[in-house]
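Just so we're aligned, residue 1 is where the sequence shown starts under the numbering used here, counting upward by one.
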Amino acid sequence: MKVIIPVAGVGSRLRPHTHTQPKALVPVAGKAILGHIIDGLIEAQVTEFVFIIGYLGNKIEQYIKDKYTDKGLKIEFVVQPEPREGIAHALYAARHAIAGDSEVLITLGDTIVNMDFQKILQSEYSTIGIKKVEDPSLFGVAELDKEGWIKRMVEKPVIPKSNLALVGIYKINNPKLLIEGASYLLDHQHKTHGEYHLTDALMYMVEKGEKIQVVEVDNWYDCGRGDSLLETNSILLNKPEFKTNKKHNFPNTIIIPPVSIGANCKIERSIIGPNVAIGDNTIIKSSIIEHSIVGSFSELSDTVLSRSIIGNDTSIAGHGNSINVGDNTELNFNA
């Protein structure tokens, strides 16, 4: 089955990091968000991908070429000319890539889902992944009829009538009707919260008689905001596959698992962890870091960090606490 992954958004909720790289490439638990998504789909034996790119799309293309050219995948890139217009607009931009398909899988590029993908890939009907949440007003939500079919979908409702959030994975058995719905939204300039939402295009399908069911996912990790990104980082680092017996040999340094430390890092006289992910080629001296993400090619010295996100190529010297800084930044608290 062909998978469509929209990754054209500007990621304003993750600034300053998305000033210099696409949201899908922000690291979490030692890997780009997009890498977690693609690897999960490859494990489910998906081999055909369409990436809808826009903002900093050249970096998405380069990442895919660097990481996945030898994986035997069929890959296509489609450009969304106006990335601020929403997911329905993105799918309309990719209409020619899916026009001949009888079914497609759509998964958003900023959400990591843990589930048995065969439940959705092999479903007889169009199927949407959902998860019960405490505050449905932050998400698109689905309302079900007595038989369990979707009867209504609303994007970020002011007064939610359901707590079933749409988690960003959609198996569509009628791509032609979905594109028709997206076209209808664009033709009538029907926007919700300033965008052409996929939720509204799916509701068009329901109104035209498409039967859509739901499947509850095991876990859903929203990486669209700084606080949720740090929470996702901690959860993923605590998964069994991260709990290895790898020995770290850094001088005068204490490592408190779980941590993910990239290649060619130099760390000395420091305490690292728990729940810390550090990118490649980073230097850390005389520092204490916990519950944080540190990018690649960065240098930290005499620094205390907790619940912080540090971009690539960033230099920090002196005492800190909770910091959120993007790429190519220099902070000197000793000056």
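C-beta: ideal position from N, C-alpha, C; glycine also.
- Given a length threshold of 3 residues, each whole run of the beta strand (DSSP E) inside the segment 71-138 is given here in chain order: 74-79, 104-107, 111-114 and 126-132.
- At a cut-off of 4 residues, the continuous stretches assigned as alpha helix (DSSP H) that sit fully inside the segment 178-261 are 198-207 and 226-237.
- Bridge pairing for Glu48: Lys2 and Lys74 [DSSP].
- Beta-bridge partners assigned by DSSP to Glu299: Ile283 and Ser315.
- The continuous alpha helix (DSSP H) containing Lys59 extends over residues Gly57 to Tyr68.
- Close CB contacts of Leu185 within its chain, under the 7 Å cut and outside five residues either way in sequence, are with Ala88, Tyr196, Asp200 and Ala201 (chain order).
- Annotated as distal: Cys265 and Asn252, with beta-carbon spacing of 8 Å or more.
- Exclusion of the five residues before and after Leu91 leaves Ala182 as the residues of its chain whose Cβ lies within less than 6 Å of its Cβ.
- Sorting Cys223, Gln80 and Gln189 by C-alpha distance to the C-alpha of Gly109 places Cys223 at the top.
- Selection Tyr55, Gln62, Val46 and Gln80 evaluated against Lys74 yields Val46 as nearest (Cα-Cα).
- The C-beta separation of Phe117 from Ala165 comes to about 19 Å, leaving the pair out of contact by the 8 Å criterion.
- Ranking Ile42, Gly148 and Ala94 by CA distance to the CA of Leu121 puts Ile42 first.
- DSSP places Lys23 within a helical segment (H, G or I) once states are collapsed to three.
- Ranked by Cα distance from Ile5, the first of His36, Ile256 and Pro27 is His36.
- In this structure Ile150 touches Val206 by the C-beta definition: roughly 6 Å separates them, less than 8 Å.
- Distance from the Cα of Ala29 is smallest, within the candidate group Gly273, Pro160 and Ile284, for Gly273.
- Around the beta carbon of Asn249, fewer than 16 other beta carbons lie within 10 angstroms, which makes this residue exposed.
- Per the coordinates, the alpha-carbon of Tyr68 lies some 11 Å from the alpha-carbon of Phe49.
- Ser296 sits away from Ile284, with the two beta carbons spaced by 8 Å or more.
- DSSP places Ile159 outside both helix and strand once states are collapsed to three, so it counts as coil.
- Beyond the five residues adjoining it in sequence on each side, Lys211 comes within less than 6 Å, by CB distance, of Tyr125 and Trp149 in the same chain, given in chain order.
- A Cβ-Cβ distance of about 17 Å is found for the pair Glu290 and Ser301, leaving them out of contact under the 8 Å criterion.
- For the pair Asn219 and Lys239, the Cα-to-Cα distance works out to about 12 Å.
- Residue pairing by DSSP places Ser308 opposite no residue, since no beta bridge is assigned to it.
- Under DSSP, Gly140 forms a beta bridge with Glu155.
- If the five residues before and after Glu268 are omitted, its C-beta is found closer than 8 Å to the C-beta atoms of Phe250, Pro251, Asn252, Thr253, Ile284, Lys285 and Ser286, all from its own chain and listed in chain order.
- Within its own chain, the residues whose Cβ lies closer than 8 Å to the Cβ of Ile256, once the five positions on either side in sequence are excluded, are Ile271, Ile272, Gly273, Pro274 and Glu290, listed in chain order.
- Close CB contacts of Gln80 within its chain, under the 6 Å cut and outside five residues either way in sequence, are with Ala8, Ile52, Gly54, Ala90 and Ala93 (chain order).
- For Lys31, the secondary structure class from DSSP, reduced to helix, strand or coil, is strand.
- The alpha-carbon separation between Lys65 and Asp145 amounts to approximately 44 Å.
- Membership of Gly168 in the beta strand (DSSP E) is indicated by the continuous run Leu164 to Ile172.
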